[in-house]
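The listed protein sequences correspond, in order, to chains X and P.
Quick note, the first sequence lines up with residues 13 to 424 if you use our numbering.
Quick note, the second sequence lines up with residues 520 to 784 if you use our numbering.
As structure tokens, the structure follows; a few thoughts come after it.
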Amino acid sequence: MSKRQYNNRVMQWVEDRLPIISLMENSGVIYPTPKNLNYWWNYGSLAGVVMVIMILTGIFLAMNYQAHPTVAFDSVERIVRDVNYGWLLRYLHMNGASMFFLLVYIHMFRGMYYGSYKAPRELLWMIGVTIYLAMMATAFMGYVLPWGQMSFWGATVITNLFSAVPVVGTDIVTWMWGGFAVDFPTLNRFFAWHYLLPFILFALVFLHLWALHTHKSNNPLGIDAKTPQDMMPFHPFYTIKDLYGLGFFMIFYLYFVFFQPNFFGEVDNYIPANPMVTPPHIVPEWYFLPFYAMLRAVPDKLGGVIVMFAGVLILYVLPWLDTSKVRSARFRPVFKQMFWIFFLDCLVLGYVGAKSPDEMFMGIMTMTTLGQIATTYYFFHFIVLLPLLGKYETTKPLPNSIAEEVAKKYAQ
Amino acid sequence: MRKLFIIALMGLSLGFAGAAHAAGGAPVPAKQNWTFTGLFGGGFDKAQLKRGGQVFFEVCNGCHSVSLMAYRNLVESGAWTEDEAKELASGFEVQDGPNDEGEMFMRPARLSDRFVSPYPNDKAAAAAHGAIPPDLSVITKARKYGPDYIHALLIGYKDEVPEGVTIPEGSNYNEFFPGNAIAMAAPLTDGAVEYADGTEATLDQLSRDVVTFLAWAAEPELEARTALGIKVLIYLVILTAMLGALKHRIWRRLSDPNLSCEDPH
């Protein structure tokens with residue numbers, strides 16, 4: 013690579029000693045991006061923005077939060093009441109968690125619909141799944157910190173899952189708790205983890221972007237870019253498009269922060285934690301509900317735990333389960349239908365997760381039965397449908413190039 | 520066709536969310552018109568807030584605490600003057616100390632003190648009542664249906680227990696309490712408080728006023744929050760519209776088929 017020349021002498025001075033100016037220029041300005049990305053490609057950068065908001069608000073919340081069972085609940089309320097704009101910090105952070113998951117779920121479903129996980133982007137996808145796992149761990153521990161009833165009982169239920177491990181299960185749980193029940197040591201270490209994990213997550217996002225920039229973005233046609241005319245520089249085209257999308261997202265996000273700050277929360281978490289009183293329904297936050305439904309679909313505790321973890325971990329091998337060479341669902345008529353059925357199945361799982369297991373669904377079956385059907389279908393989609401579809405599906409002919417398709421669109 | 524499908528899915532997921540919220544045994548309390556709920560928040564009626572405070576301090580505070588609020592917050596709410604709040608506070612005794620002799624002592628409460636709790640600890644409260652009267656600091660945030668539920672509960676006591684329902688000794692029948700048997704006896708009746716501003720103290724009025732007070736105690740930031748929120752949203756709508764115009768302008772360059780990602784260097 014030839015040496016980059018810059019008119020600004022300071023930039024040139026830095027560049028000669030550390031080529032960080034050209035690095036930033038390469039990855040944020042002239043970075044080649046397909047011309048035909050639609051608005052579903054906005055969600056990755058949106059999730060990145062929310063991550064930064066979460067880290068910044070989190071740092072300032074940590075300056076005022078106290079991780080001790082006797083004062084944790086009150087310290088959170090003190091932030092809302094007595095810290096300058098503390099209510100804004102807290103509600104940005106609290107709703108930010110829901111937004112982060114919402115955006116990442118859309119981002120993941122987009123990847124599935126357009127086959128973004130296929131070669132050569134398998135590792136990019138797998139790093140993404142790892143980010144998702146780190147998010148889940150971070151969110152779970154963060155939810156424990158306000159030390160309300162759901163915090164405490166959620167922590168108790170989830171950590172107790174590890175007691176299903178044969179032989180050493182109970183010891184693992186005691187080790188995780190730092191005692192014989194969820195108490196001060198648990199809360200204190202969860203706080204430490206909750207502060208650490210986001211930085212690990214940040215590093216993973218960096219790797220995710222590195223892998224992305226190696227093979228560039230997939231696109232709605234799912235075909236590779238062949239000529240320079242298929243692509244255009246990231247700036248100004250996608251900087252402005254991302255900003256435009258960010259505007260809409262911020263309106264949505266901040267509406268909840270300012271006007272319905274507790275919309276996504278459980279009312280029970282405003283009752284201070286009480287180890288002597290179990291809430292009638294222990295429900296996780298909405299973003300965990302599908303996995304909660306999988307956990308409860310299996311009558312055996314260990315089996316439920318395995319199925320629940322398998323539900324996430326199966327995403328790691330998705331690039332190899334989907335045997336079709338065609339990426340985009342636009343050219344896969346059967347897969348397209350299956351994708352939407354799978355999406356619906358995930359919604360059903362979420363719905364079941366929010367209900368108590370013995371409740372009836374439309375008077376025909378219990379929620380447990382519905383959960384079992386939906387869980388079975390979830391795995392059926394990955395293990396049976398995707399491998400077979402790749403073999404037997406007749407795909408539609410792929411277009412010649414991205415540039416040709418873009419030209420057609422602008423000719424109209 | 521695909522659009523229809525997506526719309527149907529969205530409708531379905533909304534239906535699910537709604538159904539997930541409607542579960543539970545007790546009847547759903549009727550939706551009330553509050554000054555502080557609504558799509559874009561709202562505020563507190565200062566006169567109503569002050570009446571609610573009177574109900575709280577004269578009735579509820581006999582058994583319930585609101586330990587997260589301080590008397591200074593009354594002044595900050597705009598419903599009490601500083602002198603009124605000081606006078607109200609001085610009616611309560613708090614323990615202070617140790618003094619120079621190493622003794623703890625009692626003194627009248629000041630603006631900087633938190634609302635004085637009726638019992639020194641939970642055990643004392645339980646000993647007096649059999650059950651611990653919950654702290655009411657965040658009660659409207661801590662119950663499903665929030666203010667509507669508290670209001671329904673306060674006016675939901677019935678002398679006649681319906682057939683088939685048995686209420687244990689020491690409990691009272693309340694239509695809206697989960698399980699119907701509530702330890703708290705009906706706290707409010709017509710005329711339970713003589714309002715300083717002359718408003719007729721019907722049960723419904725008392726309940727509405729005190730719920731307003733409790734909602735304020737749960738979310739004292741509400742007025743500042745919604746006032747700032749309106750400005751932020753208006754700003755964002757204008758900004759987004761401008762960004763949209765800019766986006767469309769920049770993207771017009773795509774009509775040039777030679778536009779490419781070639782390295783300018």
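Heads up, the beta-carbon is just placed ideally off N, CA and C, and yes, glycines get one too.
If you're wondering where the values come from, they're calculated on a predicted model, not measured in any experiment.
Item to check | Delimiting residues of the beta strand (DSSP E) encompassing P:M625 | outcome: F624 to P627
Next on the checklist: With distance defined between alpha-carbon atoms, name the residue in P:D654, P:D619, P:D709 and P:R662 nearest to P:Y790.
Outcome noted: Outside the displayed span of chain P (520 to 784) sits residue 790 of chain P, for which this structure offers no information.
Next on the checklist: For a test of the three-state rule: what should DSSP assign to X:A305, helix, strand or coil?
Outcome noted: helix
Next on the checklist: Excluding the 5 residues flanking X:Y98 on each side, which residues of the same chain have their C-beta closer than 7 Å to its C-beta?
Outcome noted: Sequence inspection shows Gly at residue 98 of chain X; the Tyr mentioned does not correspond to that position. Here the set comprises N76, I91 and V92.
Next on the checklist: Are the CB atoms of X:M306 and X:L361 within a distance shorter than 8 Å?
Outcome noted: yes
Next on the checklist: To be precise: take each residue of the region 662–677 of chain P, compare its Cβ to all Cβ atoms of chain X, and keep it if any distance is under 8 Å. Which residues remain?
Outcome noted: Against chain X - using a Cβ distance shorter than 8 Å - the residues of the region 662–677 of chain P are R662, K663 and G665.
Item to check | Segment limits, alpha helix (DSSP H) that includes X:Q349 | outcome: Where X:Q349 is concerned, the enclosing alpha helix (DSSP H) stretches over P345 to A366.
Item to check | Minimum Cβ-Cβ distance from P:E781 to chain X less than 8 Å | outcome: When Cβ-Cβ separations below 8 Å define contact, P:E781 makes contact with chain X.
Next on the checklist: Contact between the region 282–300 of chain X and the region 158–174 of chain X is defined here as three or more beta-carbon pairs at a separation below 8 Å; is this criterion met?
Outcome noted: yes
Next on the checklist: Mapping the DSSP letters down to three states, classify P:I769 as helix, strand or coil.
Outcome noted: helix
Checklist entry - In the DSSP assignment, what residue or residues form a beta bridge with P:E612? => result P:P627
Checklist entry - Pick from X:Y43, X:I32, X:N50 and X:Q17: whose alpha carbon is nearest that of P:W770? => result X:N50
Checklist entry - For X:T381, which of X:Y363, X:H293 and X:H119 has the nearest alpha-carbon? => result The shortest C-alpha separation from X:T381 is found at X:Y363.
Checklist entry - Using the C-alpha atoms, what's the distance from P:A545 back to P:N699? => result 8 Å
Next on the checklist: If you reduce the DSSP assignment to three classes, tell me which class X:P248 lands in.
Outcome noted: Of the three classes helix, strand and coil, the one that applies to X:P248 here is helix, per DSSP.
Next on the checklist: For X:P210, report the span of its alpha helix (DSSP H) as first-last.
Outcome noted: F196 to H227
Checklist entry - Mind pulling the chain P residues with CB within less than 8 Å of X:M306? => result Simply none; closest approach about 17 Å.
Item to check | beta strand (DSSP E) segment containing X:T45, residue limits | outcome: P44 to P46
Next on the checklist: Just to confirm the assignment, what range does the alpha helix (DSSP H) spanning X:W99 have?
Outcome noted: G98 to Y125
Item to check | Of the listed residues X:S39, X:Q384 and X:Q24, nearest to X:T226 (C-alpha basis) | outcome: X:S39
Checklist entry - Can you tell me whether DSSP reads X:Q17 as helix, strand or coil? => result coil
Next on the checklist: Buried or exposed, going by whether 16 or more other CB atoms sit within 10 Å of the CB of X:Q241?
Outcome noted: Here X:Q241 is buried, its C-beta having at least 16 other C-beta atoms within 10 Å.
Checklist entry - Using a beta-carbon distance below 8 Å, is X:M23 in contact with chain P? => result No, X:M23 lies away from the interface with chain P (no Cβ there is under 8 Å from its Cβ).
Next on the checklist: Output needed in chain order: residues of the region 259–279 of chain X with a Cβ under 7 Å from some Cβ in chain P.
Outcome noted: G259, F260, M262, I263, L266, Y267, F270, F271, N274 and V279
Checklist entry - Residue range of the alpha helix (DSSP H) that P:R591 falls in? => result Y590 to E595
Item to check | Residue from P:A604, P:P697 and P:A650 whose Cα sits closest to the Cα of P:C582 | outcome: Looking at the Cα atoms, P:A650 is the closest of the given residues.
Item to check | P:R633 - partner residues in DSSP beta bridges | outcome: Per the DSSP secondary-structure output, P:R633 pairs in a beta bridge with P:A589.
Checklist entry - By Cβ distance, which residues of its chain are closer than 6 Å to P:S609, with the 5 residues on each side in sequence left out? => result P627
Next on the checklist: For P:L725 and P:G571, I'd like the C-alpha separation in whole angstroms.
Outcome noted: 7 Å
Item to check | Closest Cα partner of P:D728 within the set P:P776, P:G763, P:F575 and P:G557 | outcome: P:F575
Checklist entry - Contact check, X:T45 vs X:S229 under 8 Å by CB: the rounded distance? => result 6 Å
Next on the checklist: Under DSSP, the alpha helix (DSSP H) around P:D723 begins and ends at which residues?
Outcome noted: L722 to A737
Next on the checklist: Give me the chain P residues within the contact set of X:P240, using Cβ-Cβ distance strictly less than 8 Å, ordered along the chain.
Outcome noted: S779, C780 and E781
Checklist entry - Would you say X:Q161 and X:D280 are within 8 Å of each other, going by their C-beta atoms? => result yes
Next on the checklist: Could you compute how far the alpha carbon of X:A193 sits from the alpha carbon of X:T186?
Outcome noted: When rounded, the distance between both Cα atoms is 7 Å.
Item to check | Length of the line joining the Cα atoms of X:V180 and X:I170 | outcome: 17 Å
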